[in-house]
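One structure is given below, encoded as structure tokens.
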Amino acid sequence: METVGIILLLFFLIFATLATVAIVRTTRAVKRGVERHTTRARRLVEDQKLRARRFAQPGDIGALTRLRLDLRASIDSTFEAMERASLPEAAALLDRLNDHARGLDAELKLLEREPDRSRVSARLPELVERARRITHSADALRWAAQDRVQHAGGDDLASLTREIDIEATALRHWEPLHPGGRASEELPDKPPSAG
Numbered sequence: 001m002e003t004v005g006i007i008l009l010l011f012f013l014i015f016a017t018l019a020t021v022a023i024v025r026t027t028r029a030v031k032r033g034v035e036r037h038t039t040r041a042r043r044l045v046e047d048q049k050l051r052a053r054r055f056a057q058p059g060d061i062g063a064l065t066r067l068r069l070d071l072r073a074s075i076d077s078t079f080e081a082m083e084r085a086s087l088p089e090a091a092a093l094l095d096r097l098n099d100h101a102r103g104l105d106a107e108l109k110l111l112e113r114e115p116d117r118s119r120v121s122a123r124l125p126e127l128v129e130r131a132r133r134i135t136h137s138a139d140a141l142r143w144a145a146q147d148r149v150q151h152a153g154g155d156d157l158a159s160l161t162r163e164i165d166i167e168a169t170a171l172r173h174w175e176p177l178h179p180g181g182r183a184s185e186e187l188p189d190k191p192p193s194a195g
């Protein structure tokens, strides 16, 4: 009787441990999902604010806003192209480039709130050049990834077309069958008649 009690206790402890692990993993997954969606929502709201501000604020502040939007659009579209192309080495380079883009975006964001407009005007050319270099690099990665996907798709289609042509030719090639069910080439020659 005591052995049955110990076994039941062990089963209960195993079940409780597995339930705890499942609850912890589920909680972490939900938390990551909420954080990811929250980050996306914040980004979407901020992008909409930038788009509205681009038209509302003339001059250098408007230029900073346009610069931020262009920088974000270039990096985001390059990330999408990298996901489709599944190029891990290039994705690692894009991550590093994205770090520079985030740093520049933070500087641009601070300058948008700068009350001294002459300081904004003085810094703008250097920031435009940095943004141009980042977007040029992101564009180069994106275009290369798109070219690779297109080339791979073209190669695959060409190979598939060749295989289909071969199979279609084979399907159209037939020999007339003789009453015995064998093709004419397979029928043996008549043996010479004895006689």
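Residue numbers (full-length UniProt numbering): 1 to 195.
For glycine and all other residues, C-beta sits at the position ideal for the given N, C-alpha and C.
With a threshold of 16 other beta carbon atoms within 10 Å, Ser118 falls short and is exposed.
Within the same chain, and ignoring the five residues on either side of Leu141 in sequence, the residues whose Cβ sits closer than 8 Å to its Cβ are Thr78, Ala81, Met82, Ala90, Leu93, Leu94, Leu97. Of the other Cβ atoms in all chains shown, fewer than 16 fall within 10 Å of the Cβ of Ser159; this residue is therefore exposed.
In this structure, Ser74 places its C-beta atom within 8 Å of the C-beta atom of Asp139. Residues of the same chain with a CB within less than 6 Å of the CB of Glu167, apart from the 5 flanking positions on each side, do not exist. Minimum Cα-Cα distance from Asp99 among the listed residues Ala145, Asp116, Ile134, Leu110 corresponds to Ile134. Around the CB of Arg68, 16 or more other CB atoms lie within 10 Å, so the residue is classed as buried. Asp60 sits buried, since 16 or more C-beta atoms from the chains shown fall within 10 Å of its C-beta.
Here Thr38 is exposed, its C-beta having fewer than 16 other C-beta atoms within 10 Å.
Its Cα nearest to that of Arg53, the residue Leu64 stands out among Leu64, Leu44, Ala131.
In summary, Leu44 is exposed, with fewer than 16 beta-carbon neighbours lying within 10 Å of its beta-carbon over all protein chains present. Judged by DSSP in its simplified three-state form, Pro58 adopts coil rather than helix or strand. Annotated as distal: Leu124 and Glu107, with beta-carbon spacing of 8 Å or more.
With distances taken between CA atoms, Leu50 lies nearest to Lys109 out of Val120, Thr169, Lys109. In the three-state DSSP reduction, Arg113 falls in the coil class, being neither helix nor strand.
Asp156 sits exposed, since fewer than 16 C-beta atoms from the chains shown fall within 10 Å of its C-beta. The alpha-carbon separation between Val34 and Val21 amounts to approximately 20 Å. Take the alpha-carbon of Gly62 and the one of Arg132: they are about 17 Å apart. Between the alpha carbons of His151 and Ser86 lies a distance of about 14 Å.
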